[in-house]
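Going by the working numbering, the first residue of the sequence shown is number 1074, and it counts up by one from there.
Ideal Cβ placement from N, Cα and C applies to all residues, glycine included.
Worksheet for the structure shown next.
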Amino acid sequence: MELINRNNPNHPYIFVSYSSADSIQVYSDIMRLQEYGVNIWIDTELDFHVGERWQSRVHAAMKSANCKAVLFFVSEASLTSSNVYDELAFSVSDAVKNTHYGNGLAFLPIEVTPISDITSYCFQLASEYSILEQNASEDSRSLSDNISLIRNSFFPNNDIKRFRIFDRKDISPLIELMRDMQVLSGEKTQTKLPGGQAFYDEAMELQEKNNYKDSIESLVLSAIQGYYKAYLSLGQIYAMGKYGEQRNVRRAEGCFLRAFDLGSPAGLYNIAQIKKGQKNYAKAAELLIKAASLPDATVKLRTNCKNGLISIGELQREEGHITEANTAIAAAETIII
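What follows is the structure in structure tokens.
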């Protein structure tokens, strides 16, 4: 099923830069933009150019005089992606400036999940990855360095070059800006799909029949429609590497974050489990405390959060971190079941 309409290269358009780990969330948001008639170039275009080099097609798309801006989907996965950084760097390169009257492409950042302060967000991520990388050897650019490169180049001192970071829940300011850029083709489109719950129910039926491949496709379609249960299910599949899918922790976290963004506290709990598995106990505890405190948290979820904090405390005590262990256990005692 073709969800995203093809780019019209003869009309002004927007180039989309994102991490493949966020593809489900990004496709959902791109479909919303196309409903307003936004002319988009996204890497699904490469499916129609079999045999051509990926990088040459991407560079050609950005060098075109009709390419007016880069729409950058901001997330942990995209900030740590070397491919995304290379795309952003090329958007302001001399090769692009030569076809755009000496200017780089306009930079339009939009959040994949809520980000209140981009500089603090980047600093926190870079710090976390720097700690994880201390005992690891990497031949390529480190993840923390990649975050710093993007932050320094495109988000200096919390100032975004030319425009602000856009809220995915309220895209009207972004649409107005795109209208000024004349990238609205006038061809408003809307892919007719059944509701998210219908696809989710179909996925569950397919799982009962052990038809996992089609089940995942239905879950993706359900998630694109904005159904939180589909994001939770996909997150579990990617986190555990179930049903023939490769284990992909970043993609799992992205699905859990979008589930939380759609109103499910369980999304935070599941991310906490991932962080606990990575021995990032401080972050796991922070997420468990937050999940348990949310108004929509069920008794079962609060119980799981409480037990999770106790488990983290015991693990920290075994490692000799007594103060941190006591803090986690004390936090568990504050959770009312």
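Review point. If we count the other Cβ atoms within 10 Å of its Cβ and call it buried at 16 or more, is glutamate 1149 buried or exposed?
Key: Residue environment for glutamate 1149: buried (at least 16 other C-beta atoms within 10 angstroms of its C-beta).
Practice item. Kindly indicate which residue of Pro1187, Asn1139 and Tyr1194 has the alpha-carbon position closest to the one of threonine 1172. Key: Asn1139
Check your understanding: Which value, in whole angstroms, describes the spacing of the CA atoms of isoleucine 1408 and glutamate 1391?
Key -> 23 angstroms
Check your understanding: Going by other Cβ atoms of all chains shown within 10 Å of its Cβ, with 16 needed for buried, is lysine 1242 buried or exposed?
Key -> exposed
**Study point:** Through-space distance from serine 1193 to asparagine 1321, alpha-carbon basis
**Key:** Each residue's Cα considered, the two are about 26 angstroms apart.
**Study point:** Selected residue, minimal CA-CA separation from tyrosine 1273, among Ile1248, Tyr1301, Phe1146 and Leu1247
**Key:** Tyr1301
Point to revise | Chain-order list of residues whose beta-carbon lies under 8 angstroms from that of isoleucine 1220 (same chain, five-residue window excluded) | key: So the qualifying residues of the chain are Leu1152, Thr1153, Cys1195, Leu1198, Ala1199 and Tyr1202.
Point to revise | C-alpha distance - lysine 1356 paired with tyrosine 1342, whole-angstrom precision | key: 11 angstroms
Check your understanding: Roughly how many whole angstroms lie between the Cα atoms of asparagine 1078 and serine 1090?
Key -> The alpha-carbon atoms of asparagine 1078 and serine 1090 are separated by roughly 17 angstroms.
Practice item. Note down the Cα distance separating glycine 1327 from leucine 1307, rounded to an integer number of angstroms. Key: 10 angstroms
Exercise for review: Using a threshold of 8 angstroms, state whether the C-beta atoms of phenylalanine 1227 and valine 1185 are closer than that.
Suggested key: no
Review point. Are lysine 1141 and valine 1256 close, meaning C-beta to C-beta below 8 angstroms?
Key: Taking the C-beta atoms as reference points, valine 1256 is found nearer than 8 angstroms to lysine 1141.
Exercise for review: Have a look at arginine 1073 and tyrosine 1354 and give me their C-alpha separation to the nearest angstrom.
Suggested key: The structure shown does not extend to residue 1073, since the chain is modelled only from 1074 to 1410, so the question has no answer here.
Practice item. Give the single residue among Ile1087, Gly1340 and Asp1116 whose Cα lies nearest to the Cα of leucine 1106. Key: Ile1087
Review point. Which whole-angstrom value describes the C-beta separation of histidine 1084 and asparagine 1112, a residue pair presumed to lie in contact below a C-beta threshold of 8 angstroms?
Key: 5 angstroms
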